[in-house]
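Engineer: One structure coming up, written as structure tokens, with questions to follow.
Structure follows, in structure tokens:
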């Protein structure tokens, strides 16, 4: 079992002929993901790693029955790409692109939420269901099937945790990078609800960072709705206020969004908080007796 | 029983200190409607027919627990008034005002539909549940409680039918004027679904007119979902194409929206179609054995 | 409100859509002057608010000032489907490779805007819809999100455009939607949008329907109203705040409420007559409005009888009856009136009118029969 | 990106918000000239991108050109919380009846914009929120529908305004939201919005945070960036496309990925050290980027050791290791490096780096301990 994507996912790649899109399409295909179509306006008829290219998402969906999209187009075209995917009826849209304007995302996320469409990202590594489907850029060689659900605002920090889990022989149901932007399509609670409902997920790893209050909201949610053991980590304890730490959303502003607040909220919710990333896999191993 | 409004409705009047608002507030109060609050910006503290006036809908709702609003403000302020009522959490908003720009209503209706808020109108006479509540301008003295649900795009033509039914001793559950504009908050099918679900409604009268295709959509809906006898009438058989017949929505354009098409759709759906308005009450009387 | 082709194209041009550099003329001499300024071959186009002017001979090519003046003389004053041509548009003639249809139109049922396009431009879209519906490509615009670039791409690729042409088409789609929104239009149509010899696109004809309810915030557009396209009766009614439409029958109709007014016309026809007009006097008794309404009806010499149909609601029937009598007191006419008042205080109303020697009837159907009979006797 | 008060007010003014007719000066003489042009009593305000300048003596009233020049001389060059004052704003002084707080701010959690106001202007809103939360009135704007007039009314009546003042306040709310939207801001704040003696409102101070991700479509705003507010290292990093933030510790950090970079800083502190910087080199090996990153770190004399923490994902660890070695070949330094590479081909990477006489560690925790120890020894 898994959440959001699996071996039945019929994936479409928007921006497939671009450098990033083509590169990661190769990796997704190699991983065994069913990549059924790509879209680049004006390039219909071409193929990338054997995947046929269409001019529009609507054409691609009509021809291939795609049911999810992953987006690698440049930031200034991303809102349009997401809305095109939504308009074509795709229920899952994963947006890797970093640097999408916040006001674009305000419109896009509100519209998609109202239509019941799941958007993951932007500015995220995507998601992977080990052994079934890789949608985005999470390395396929650092995961394996197993009982742990992983959700994170980070990229490489998540890879580290996945790698450490896998090294210990602990696999994952699905790993979801929700992205480091201030306005995200999918929040921690959306993923936590799915992991809680997924019978194959036995425990959950949640990796937060400074900025915003989504970790606090997630902690409340976990306290009330999640019965599975949860291991957490918050990055940015040493980050100064008012400075953007790489991710557009990783900023302490007006005295809120600090790692201390978030860690305290995690602890109050009964989450097993790791002091440093190396501890995460060890705590998981202890909890699930692996 | 009834639909949408009844004796528990706690009504708020937007534009209560205006000429129309004050006049009809008097009639609504006299009818026995629970008119709990009025709103006119800058006139908080005043009273109209004993109804306290507030500056904002939010203030009025907080102070009085109003759960429906009727709007009499001028057309250029109507979209703002509807959105204010929606923002204050009112689940039913009835807009009497005529002449609201179509592009305003495109935004307003789409937003309200997504939020699950019922908007009746604009450019409508409102609705009345005989003996319980009158919300709008339908005369209270031409209705009586009984088993017939009435829905119409017209005003006085509906009054005629209500009057004729009442004269024959046939009462009504609720009468709803959905209004004559091209973009409406509530469509025929929305009201038909409620009448079908209302156990007290034994038969339904539907009064359409030229323009648009809502009568055809209603006919399809009736054929598929409505088991109660329906009597219908379409106004505008003699209307020329391309001319607006009073109502902004009553126009035959591009060869569609004709009375002939609509009447045919009604007949195909098994609706008892009256040749002229005087026949409507007679057919209802025959159908329900009154 | 509809506006003329030349007005529509001028507005489109303001939003960046390429349009011909033509000008409007009201006399053959003016048309000649425009043609001299433009130079080369031109097209002279009748400006009337109706379709089918091409078939009616209202659009003609002309080469040289003499020819332009002659063609303009032929077209000006022409009657096209009841509309007299008062203006011609003189546009430079262009070499057309192919014609596209493109329009933004209000979709009432979906509460959205639909943008439609087809490679079969230059003909009515209804005709294409009837004969080759698959040739029409559509996108639906969510008013809460607005037009996006992908809408333009879907339409462009959908009708087989590509490359730079698809790009220009997408920009024109965006500009047309922008115009449609900004102008409070319910229809903004380019037909044809032509492909020129060099592959670029140009709007050769334009049609815009404006939302009457939004004219209060579009004062510049209100000024585009063509008074020549309105009958004198329609103008009087508009200025008095009455809803009135001229028809060509013999039974004048005076009614309160638009739906009831249509129903009154319909019953008139059902009884063998034909309505002379649609007229909704609106709510309330308002003797002055009733009087204006009567004057408008009676100035039509074809009117042989008048059918007054009033529903007394919150306004009492007797008040309405007194309003009618007061109005009639100021008008000198021998056209017979049939008055039917129902609703609140209808009996009192009938008594008042009976005393004034007016025919009254208890039902609309009976009233219509009486009005038709009265007209037939004249 | 943050901009200065004078820039924010200039932008606000463009959207119709009333602002003082002041000007910015970089020298005492310029300040005097501005004051002479304005006439009367003025206020001289330090322009620095930090709060609390009033308490630090960075805002002074002055009457007459002599006094203005003197005050400007005092303020220019002043250090306020680590920011040097390079510019002063000279504004006409106004008689203030009361002060209001007003701001449009991104609400990340709700994915909406909140507009907040309070009668307790002139102080930090966080302070009001802590001491008297009921004094703050809020409305939430649906980005799909936008600000409506009722939002302004709710806020105006909510803080007790009425009449013409409520009307002006509502217009300013609309103008502020318009500015916030048009400028791609995540915060647009007026504090204080003052009530003048005649009852009208004026924005006396302004603060705007701009969305860095939207600067590509706001070229005019990009030009407002104050180079004086950036350290040399931060400028170099920005130009090289690196995410870098100056800190004041002694352990340089070079990491791929923002979350991992923060975690690396945190572990450094956990091990008793203190990070000298945040630095995310992004994805891929890119030897040139690694080299620039190293140069930026090493130009800080406080740096006593460097902790390199790389996760090899799709990019192989051995490639990253070679990139690091290549970069180090071009840099002359004796600062000790501790390198920890994990993930794909990490073993090969460690072998490569071991051959180059670099300390390596298998875990982040151990690497941080080694880096802290290495720094302590210098």
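Residue numbers (our numbering), protein chains in the order written: chain S, 53 to 342; chain F, 53 to 342; chain D, 79 to 456; chain P, 79 to 456.
Ideal Cβ positions, reconstructed from N, Cα and C, are used throughout, including at glycine.
Computed from a predicted model, the values in this text were never measured in an experiment.
Kindly say whether residue 400 of chain D, judged by its beta-carbon, lies nearer than 7 Å to any beta-carbon of chain S.
Structural biologist: As a first step, residue 400 of chain D must be located in the third chain, where it is residue number 322. Not closer than 7 Å to any Cβ of chain S, the Cβ of residue 400 of chain D fails to qualify, so no.
Engineer: Give the residues from the region 81 to 115 of chain F that approach chain P closer than 8 Å (Cβ to any Cβ), ordered along the chain.
Structural biologist: For the region 81 to 115 of chain F, which is checked against every Cβ of chain P, the residues closer than 8 Å are 93, 94, 96, 107, 108, 109, 110 and 111.
Engineer: Check whether chain P comes within 7 Å of residue 132 of chain F, counting only Cβ atoms and requiring the distance to be less than that.
Structural biologist: Numbered from 1 along the second chain, position 80 holds the residue referred to as residue 132 of chain F. Closer than 7 Å to some Cβ of chain P, the Cβ of residue 132 of chain F qualifies, so yes.
Engineer: Taking residue 419 of chain P and residue 399 of chain P to be in contact with their CB atoms under 8 Å, please state how far apart those CB atoms are, rounded to whole angstroms.
Structural biologist: Here residue 419 of chain P refers to the residue found at position 341 of the fourth chain. Here residue 399 of chain P refers to the residue found at position 321 of the fourth chain. Indeed, because the Cβ distance is near 6 Å, the residues count as touching under 8 Å.
Engineer: For the putative contact between residue 183 of chain P and residue 192 of chain P, defined by C-beta atoms under 8 Å, what is the C-beta separation to the nearest angstrom?
Structural biologist: Within the fourth chain, the letter at position 105 stands for residue 183 of chain P. Within the fourth chain, the letter at position 114 stands for residue 192 of chain P. The Cβ separation is near 6 Å, so the contact holds.
Engineer: Using a cut-off of 8 Å between C-beta atoms, extract the partners of residue 241 of chain P located in chain F.
Structural biologist: Against the fourth chain, residue 241 of chain P aligns to sequence position 163. Chain F residues near residue 241 of chain P: 94.
Engineer: Per DSSP, residue 287 of chain D is paired with what?
Structural biologist: Numbered from 1 along the third chain, position 209 holds the residue referred to as residue 287 of chain D. In DSSP, residue 287 of chain D forms a bridge with D:80 and D:265.
Engineer: In chain order, what residues of the region 255 to 282 of chain P put their CB closer than 7 Å to some CB of chain S?
Structural biologist: Flagged, chain order: 259, 262 and 264.
Engineer: Assign residue 218 of chain S to one of three DSSP states: helix, strand, or coil.
Structural biologist: Here the question's residue 218 of chain S lines up with position 166 in the first chain. Correct three-state label for residue 218 of chain S: helix.
Engineer: Report yes or no: is there a C-beta of chain D within less than 7 Å of the C-beta of residue 158 of chain F?
Structural biologist: As a first step, residue 158 of chain F must be located in the second chain, where it is residue number 106. For residue 158 of chain F, the answer is yes, since a Cβ of chain D falls inside 7 Å of its Cβ.
Engineer: Apart from the five residues just before and just after residue 139 of chain P, which ones in its own chain have a Cβ nearer than 7 Å to its Cβ?
Structural biologist: Residue mapping note: residue 139 of chain P aligns to position 61 of the fourth chain, counting from 1. Closer than 7 Å at the Cβ level, and outside the excluded window around residue 139 of chain P, lie 119, 121 and 171.
Engineer: I'd like the span of the alpha helix (DSSP H) that includes residue 248 of chain D, first residue to last.
Structural biologist: Here residue 248 of chain D corresponds to residue number 170 of the third chain, with the count starting at 1. Residue 248 of chain D -> alpha helix (DSSP H) spans 241 to 260.
Engineer: If we count Cβ pairs, one from each stretch, closer than 8 Å, do we get three or more for the region 145 to 155 of chain D versus the region 95 to 106 of chain D?
Structural biologist: The region 145 to 155 of chain D vs the region 95 to 106 of chain D: in contact.
Engineer: Pull out every residue of the region 180 to 200 of chain S whose Cβ sits closer than 9 Å to any Cβ of chain P, in chain order.
Structural biologist: Going along the region 180 to 200 of chain S in chain order, one finds 189, 190, 191, 192, 193 and 194 with a Cβ nearer than 9 Å to chain P.
Engineer: Say whether the region 120 to 135 of chain F touches the region 248 to 263 of chain P, bearing in mind that this needs 3 or more beta-carbon pairs closer than 8 Å, one atom from each stretch.
Structural biologist: No, they do not touch.
Engineer: Would you list, in chain order, the members of the region 293 to 306 of chain S that have their beta-carbon closer than 9 Å to a beta-carbon of chain P?
Structural biologist: From the region 293 to 306 of chain S, only 294, 295, 296, 297, 298, 299, 300, 301, 302, 305 and 306 have a Cβ closer than 9 Å to chain P.
Engineer: Assuming the contact rule is C-beta atoms closer than 8 Å, residue 395 of chain D and residue 423 of chain D should be a hit. Round their C-beta distance to whole Å, please.
Structural biologist: Counted from its first residue, the third chain places residue 395 of chain D at position 317. Counted from its first residue, the third chain places residue 423 of chain D at position 345. Confirmed, Cβ separation roughly 4 Å.
Engineer: Judging by CA-CA distance, which residue of P:406, P:302, P:426 and P:384 is the nearest neighbour of residue 451 of chain P?
Structural biologist: Residue 451 of chain P sits at position 373 when you count from the first residue of the fourth chain. Ranking P:406, P:302, P:426 and P:384 by Cα distance to residue 451 of chain P puts P:384 first.
Engineer: Give me the Cα-Cα distance between residue 325 of chain F and residue 336 of chain F, rounded to the nearest whole angstrom.
Structural biologist: Here residue 325 of chain F refers to the residue found at position 273 when the second chain is read from its first residue. Here residue 336 of chain F refers to the residue found at position 284 when the second chain is read from its first residue. One C-alpha to the other measures close to 11 Å.
Engineer: Going by DSSP, which residues form a beta bridge with residue 314 of chain P?
Structural biologist: As a position in the fourth chain, residue 314 of chain P is number 236, starting the count at 1. DSSP output for residue 314 of chain P lists no bridge partner at all.
Engineer: What does a CB cutoff of less than 8 Å around residue 312 of chain S pick up in its chain, not counting 5 residues either side in sequence?
Structural biologist: Within the first chain, numbered from 1, the residue matching residue 312 of chain S stands at position 260. Excluding positions up to five away in sequence, the list reads 289.
Engineer: Closest Cβ-Cβ distance between residue 334 of chain P and chain S: below 7 Å?
Structural biologist: Taking the first residue of the fourth chain as position 1, residue 334 of chain P is located at position 256. Yes, residue 334 of chain P lies at the interface with chain S (some Cβ there is under 7 Å from its Cβ).
Engineer: In chain order, what residues of the same chain have a beta carbon less than 8 Å from the beta carbon of residue 128 of chain D, not counting five sequence neighbours either side?
Structural biologist: By one-based count along the third chain, residue 128 of chain D stands at place 50. So the qualifying residues of the chain are 158, 159, 160 and 161.
Engineer: Among residues of its own chain, excluding the 5 on either side of residue 175 of chain P, which ones have a beta-carbon nearer than 8 Å to its beta-carbon?
Structural biologist: Position 97 of the fourth chain holds residue 175 of chain P. So the list reads 272, 273, 274, 275 and 277, once near-sequence residues are dropped.
Engineer: Here's a check: name, in chain order, each residue in its chain whose Cβ is nearer than 7 Å to the Cβ of residue 343 of chain F, leaving out the five neighbours to either side.
Structural biologist: In this structure chain F extends from 53 to 342, so residue 343 of chain F is not present and cannot be described.
Engineer: Between the Cα of residue 264 of chain F and the Cα atoms of F:215, F:227 and F:314, which residue gives the shortest distance?
Structural biologist: Counted from its first residue, the second chain places residue 264 of chain F at position 212. That would be F:314, whose Cα lies nearest to the Cα of residue 264 of chain F.
Engineer: Using only alpha-carbon positions, find the residue among F:262, F:105 and F:244 that is nearest to residue 273 of chain F.
Structural biologist: One-based indexing of the second chain puts residue 273 of chain F at position 221. It is F:244 whose Cα lies nearest to the Cα of residue 273 of chain F.
Engineer: Note the first and the last residue of the continuous alpha helix (DSSP H) segment covering residue 348 of chain P.
Structural biologist: Taking the first residue of the fourth chain as position 1, residue 348 of chain P is located at position 270. Start and end: 336 to 348.
Engineer: Our contact map puts residue 110 of chain S next to residue 64 of chain S with C-beta atoms below 8 Å; I'd like the distance itself, whole angstroms only.
Structural biologist: Indexing the first chain from 1 puts residue 110 of chain S at position 58. Indexing the first chain from 1 puts residue 64 of chain S at position 12. Going by Cβ atoms, the distance from residue 110 of chain S to residue 64 of chain S rounds to 11 Å, so no, they are not a contact pair.
Engineer: For residue 298 of chain D, is the classification buried or exposed, using 16 other Cβ atoms within 10 angstroms of its Cβ as the cut-off for buried?
Structural biologist: Counting from 1 along the third chain, the entry for residue 298 of chain D is found at position 220. By the 10 Å Cβ count, residue 298 of chain D comes out exposed.
Engineer: Using only alpha-carbon positions, find the residue among P:369, P:348, P:133 and P:349 that is nearest to residue 357 of chain P.
Structural biologist: Your numbering for residue 357 of chain P matches position 279 in the fourth chain. Of the candidates P:369, P:348, P:133 and P:349, the one whose C-alpha sits nearest the C-alpha of residue 357 of chain P is P:369.
Engineer: Fully enclosed by the region 82 to 126 of chain D, which alpha helix (DSSP H) runs are 4 residues long or longer?
Structural biologist: Qualifying alpha helix (DSSP H) stretches, in chain order: 83 to 92 and 106 to 116.
Engineer: Determine which residues of the region 211 to 230 of chain P have a Cβ less than 9 Å from any Cβ of chain F, and write them out in chain order.
Structural biologist: Cβ contacts with chain F: 217, 218, 220, 222, 223, 224, 226, 227, 228 and 229.
Engineer: Between the Cα of residue 60 of chain F and the Cα atoms of F:67, F:148, F:175 and F:184, which residue gives the shortest distance?
Structural biologist: The residue you call residue 60 of chain F lines up with position 8 of the second chain. Nearest of F:67, F:148, F:175 and F:184 to residue 60 of chain F, Cα basis: F:184.
Engineer: Which residues in the same chain as residue 339 of chain P place their Cβ atom closer than 7 Å to its Cβ, once the five residues preceding and following it in sequence are excluded?
Structural biologist: Taking the fourth chain and counting its residues from 1, one reaches residue 339 of chain P at position 261. Only 331, 333, 356, 357 and 358 meet the Cβ criterion.
Engineer: Just to confirm, is the Cβ distance from residue 190 of chain S to residue 178 of chain S under 7 Å?
Structural biologist: Within the first chain, residue 190 of chain S is the residue found at index 138, counting from 1. Within the first chain, residue 178 of chain S is the residue found at index 126, counting from 1. Yes; because the gap between Cβ atoms is below 7 Å, this pair is in contact.
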